[in-house]
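Enquirer:
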Amino acid sequence: MHKGMRIHSDKNQKWDMARNVSAEDKKLRETSNEAMPHTLRSKAAQGFRSIGVNFTKSDLDDYVSSVLDGRDYRFIITF
């Protein structure tokens, strides 16, 4: 079972990071039915990178699978 992706954030900016992650996730999920898996993988990597989140390959694979399957994915903001 996947435990989630940990994202390190500055303590003073954790809520901004949480909002940014939520917004990016929502945007990708709203357009996922239009994308092929490799396209979604690329969009996810680029979109999250733009807000300061860099996926490992396995986390990116897990995230893309969750989007395509309509499952939740856990992001854990740490500081």
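Residue numbers for the sequence shown follow full-length UniProt numbering, so the first one is 1 and each next one is one higher.
Beta carbons: idealized from backbone N, C-alpha and C, even for Gly.
Could you tell me whether the region 8-23 touches the region 34-43, using the rule of 3 or more Cβ pairs below 8 Å?
Expert: A contact between stretches requires three or more CB pairs, one per stretch, nearer than 8 Å, and the region 8-23 fails this requirement with the region 34-43.
Enquirer: Have a look at the DSSP bridge pairing and note the partners of Ile77.
Expert: Ile7
Enquirer: In this structure, how does DSSP classify Ala44 when only helix, strand and coil are distinguished?
Expert: helix
Enquirer: Under 8 Å Cβ to Cβ from Ser32, same chain only, skipping five residues before and after it: list those, please.
Expert: Leu40, Val67, Leu68
Enquirer: Could you compute how far the alpha carbon of Arg29 sits from the alpha carbon of Arg71?
Expert: 10 Å
Enquirer: If you reduce the DSSP assignment to three classes, tell me which class Arg71 lands in.
Expert: coil
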